[in-house]
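So for the sequence shown, the numbering used here puts the first residue at 70; every next one is plus one.
Idealized CB from N, CA, C, for every residue including glycine.
The structure appears right after this line, and notes come after that.
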Amino acid sequence: MDAYQAMYLRSLRDPEGFWGEAAEALHWERRWERVLDDSRAPFYRWFAGGLFNTCYNALDRHVENGRAEQPALIYDSPVTRTVRTYTYRELRDEVARFAGALRSQGVDRGDRVIIYMPMIPQAVIAMLACARIGAIHSVVFGGFAGQELAKRINDAEPKLIVSASCGIEPNRVVEYKPLLDGAIRIATSKPERCIVYQRPQHRAALVAGRDVDWEEVAGAQPVDCVPVASTDPLYILYTSGSTGIPKGVVRDHGGHAVALKWSMKYIYGVEPGEVYWAASDVGWVVGHSYIVYGPLLHGCTTILFEGKPVGTPDPGAFWRVVSEHKVSTLFTAPTAFRAIKREDPNGEHIRKYDRAGFRTLFLAGERCDPDTLLWAQKQLNVPVIDHWWQTETGWPIASNCIGIETFPVKPGSATKPVPGYDVQVLDANGKQVGDGTIGSIAIKLPLPPGSLPTMWKNDHGYRKYYLDPFPGYYLTGDAGYKDEDGYLWIMSRIDDIINVAGHRLSTGAMEEVLASHPDVAECAVIGAADEIKGELPVGMIVLKAGVNRPQEEIVKEVVQLVRDRIGPVAAFKQAIVVKRLPKTRSGKILRGTMRKIADGQQYQVPPTIDDPAILGEITQALHALGYPHAPASQAR
């Protein structure tokens, strides 16, 4: 039996022994009474009875054990031309003082603190300071619309909000304070205090009696770590719900730390002391897990990057950071690489930089099309690993676990389930399907440590959205299949499996074909309502920089490609060239919104959208194709 198979089977047969052993790598104020508490199943709890502090394990433990002068955090901001390094001792001291500042403003164990900040060190310091005193943080992406911020304020009911005066984009300054003030004004729950970090690019007006300048309180008396129950919430992270109501994913202290510490070695193959970079944002789950907590729990150096993959200043931005800071492992979203490929198709910017210590590229956020993965592999000459997970799970569900055993890469597949996850593919009746058959991807309960134990103040919602559809399982909401080698293929969201004249087809498979065309930088396929066939696929393609061929020729070619590779059954006859695709700030393409536009349905502009103006362009493009075809009453 190979190393992966042995470890995977043990994790499913003996989860308590497996995760209890992993937990020994961390410091516990009091050991757990039970590794897995199933007394309230399906609301499972990990390491029940234990006392733990995440901040101690991320910072103090390393200071006390020889890493005090090792860099913990490197802040690299091309938009402000700033680079600053914090050692583990310096970061520990900054966090301890800001934890004292939170205490001075009345924040205590169990209180909620919303953090509404850009990608600056103060955001990381605030997160860790909350963890230090047992407060529950909820990071909201900086610059989020006031109305959406208000929804999160109402749900979390924070005692205090930490914010900054502004965020910096490549060509503009985004003032945060008016958005924050507007959100508080319309929120029914009001914070007692706001601490505002004034950036030199813009100073915000403070509200007397409520707002406090960061600098005025940052020199507070430092405080020690407060041990909390392992099962206590560490943070709440909101993910947009299908109903328009944000869902508050809860993460606990103990199980979360155990899973992330384990993942750094066994999934990412990183050793303590190495430089690890997740090019994401602290407003997303990737930023929580792999900018802040995972690398610091493992004793790595982590990078906080305030910039873009292109435009700060060019498509070589990532490789400049990799070279200057000696990054061993990079984790980013496929959309970042599509942007780099579009602007630098021949990899000229990549070759400008020394990447001698760079070993591995991990991609996640949405499925990576094989063409982009193969392009990155060719240009970088390192393993490129597409892996799959969700806000709810907090760490990977499926991956090529290079710290255990490296498998051959199959472009388009997330490789195999990670130890701890019993991943199965189910039909509509909850029965397992055979190899190669697309179905709903579900995880047999209990979920491993680190995954959500429930939703904030909403056990009912947790059951309804995730547990009730297939009793005994967690429903991921994704569709796909396993092949004969046990590789997992995530093809689309369940809602993106379309029904063409009775044939269930994956839009992801069609996107894979479109992306293989040499002129296509990125693409999306949606299912639009049709009176005759039920649904018809429609392709949206964005061309690479410098392509000057007639668009009609390219459209004809991609239509033929789908016909050749998937067959006439797909009924793929329509595609249109667009300048860009609508995406969330984390890089997910808004296929569901485009589908509603095509069907003539009313839709809400998603609060996470990067640029709402793109929806107008997509509407015009779909109208040019004659959509909506079906009357609104027949559209989904």
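Closest by C-alpha distance to residue i, when choosing among the options
i    : options                   : result
D547 : N469, I507 and W464       : I507
G356 : R158, P675 and I189       : I189
D720 : A195, P341 and I563       : Because residue 720 is not part of the residues shown, which for the chain are 70 to 705, the question remains open.
V627 : V589, K657 and L544       : V589
T308 : A598, T429 and K220       : K220
P269 : I237, T300, V281 and R279 : I237
L399 : I409, I454, L612 and D423 : I454
V104 : D83, G503 and E98         : D83
Y335 : N240, V281 and T475       : T475
R660 : E133, S561 and G519       : S561
H394 : H367, D413, M579 and G426 : G426
L248 : I222, K228 and E226       : I222
L366 : V487, R664, R79 and A94   : A94
Enclosing beta strand (DSSP E) for residue i [first to last residue]
i    : result
R82  : First-last for R82: A72 to R82, but that is the alpha helix (DSSP H), not the beta strand (DSSP E).
Q643 : Q643 to V646
N568 : I566 to V569
V344 : V344 to A347
C263 : R262 to Y266
F431 : T429 to L432
I473 : Run containing I473: none; DSSP gives neither H nor E here.
V164 : Taken as a continuous stretch (DSSP letters only), V164 belongs to no beta strand (DSSP E), being part of the alpha helix (DSSP H) at Y157 to S173.
R181 : R181 to Y185
Range covered by the alpha helix (DSSP H) that runs through residue i
i    : result
S332 : G323 to Y335
V388 : Residue identity differs from the one stated: residue 388 is Trp in this sequence, not Val. Unbroken alpha helix (DSSP H) run through W388: A386 to H394.
C592 : From DSSP, C592 is part of no alpha helix (DSSP H) but of the beta strand (DSSP E) over V589 to D599.
T545 : Careful: T545 lies outside any alpha helix (DSSP H), inside the beta strand (DSSP E) at Y542 to K551.
P364 : G363 to H367
Residue i, buried or exposed, once every other Cβ within 10 Å from all chains shown has been counted against 16
i    : result
N469 : buried
S232 : buried
P606 : buried
G505 : exposed
R705 : The predicted model places R705 with a pLDDT of 39, which falls under 50 and marks its position as unreliable; any figure quoted below should be read in that light. So R705 ends up on the exposed side.
R153 : exposed
V638 : exposed
D224 : buried
Q459 : buried
D71  : exposed
H131 : buried
F87  : buried
R201 : buried
V674 : exposed
R407 : buried
For residue j and residue i, the rounded distance between their alpha carbons
i    : j    : result
A214 : G175 : 27 Å
K602 : V569 : 5 Å
V339 : Y345 : 8 Å
L142 : T401 : 18 Å
L536 : L306 : 19 Å
G615 : D180 : 53 Å
G695 : S349 : 38 Å
S332 : E217 : 32 Å
Y337 : E138 : 24 Å
A667 : P676 : 20 Å
A701 : G669 : Per-residue confidence for A701 stands at a pLDDT of 41, beneath the threshold of 50, marking its modelled position as unreliable; the derived number appears in the next sentence. Looking at the two C-alpha atoms, the distance is approximately 6 Å.
A699 : D679 : Residue placement at A699 is flagged as unreliable, the pLDDT there being 47, under the threshold of 50; the coordinate-derived value follows with that caveat. The alpha-carbon atoms of A699 and D679 are separated by roughly 29 Å.
G416 : W444 : 9 Å
Q703 : K533 : Legend: pLDDT at Q703 = 38, less than 50; position of this residue unreliable, value from coordinates given subsequently. Distance between the alpha carbons of Q703 and K533 is about 27 Å.
I565 : Q74  : The sequence as given places Asp at residue 565; Ile does not occur at that position. Taking the straight line joining both Cα atoms gives about 32 Å.
A192 : M186 : 6 Å
N240 : W97  : 47 Å
K377 : V209 : 19 Å
H456 : D552 : 16 Å
G211 : L171 : 20 Å
G169 : A195 : 11 Å
P619 : Y531 : 50 Å
Y550 : N498 : 16 Å
I567 : T523 : 30 Å
V624 : A584 : 12 Å
- Item | Segment contact flag, the stretch 679-698 with the stretch 645-659, C-beta cutoff 8 Å, min 3 pairs | The stretch 679-698 vs the stretch 645-659: in contact.
- Task: Could you tell me whether the stretch 322-329 touches the stretch 110-123, where touching means 3 or more Cβ pairs closer than 8 Å?
- Result: With a cut-off of 8 Å, the stretch 110-123 and the stretch 322-329 count as touching, because enough Cβ pairs lie within range.
- Query: If you pair each beta-carbon of the stretch 499-519 with each one of the stretch 105-112, do three or more pairs fall below 8 Å?
  - Reply: Touching, yes.
- Task: Check whether the stretch 327-334 touches the stretch 148-157, taking contact to mean three or more Cβ pairs, one atom from each stretch, closer than 8 Å.
- Result: No: the two stretches stay apart, fewer than three of their Cβ pairs being nearer than 8 Å.
- Message: For the pair the stretch 259-269 and the stretch 223-243, tell me if three or more CB-CB distances fall below 8 Å.
- Response: Yes, the stretch 259-269 is in contact with the stretch 223-243.
- Task: For the stretch 435-451 and the stretch 479-488, state whether three or more C-beta atom pairs, one from each stretch, are separated by less than 8 Å.
- Result: Flag = yes, the stretch 435-451 and the stretch 479-488 touch.
- Check whether the stretch 240-254 touches the stretch 270-279, taking contact to mean three or more Cβ pairs, one atom from each stretch, closer than 8 Å. Enough Cβ pairs lie closer than 8 Å, so yes.
- Query: Below 8 Å, can you find three or more Cβ-Cβ pairs linking the stretch 120-130 to the stretch 523-533?
  - Reply: Too few Cβ pairs lie closer than 8 Å, so no.
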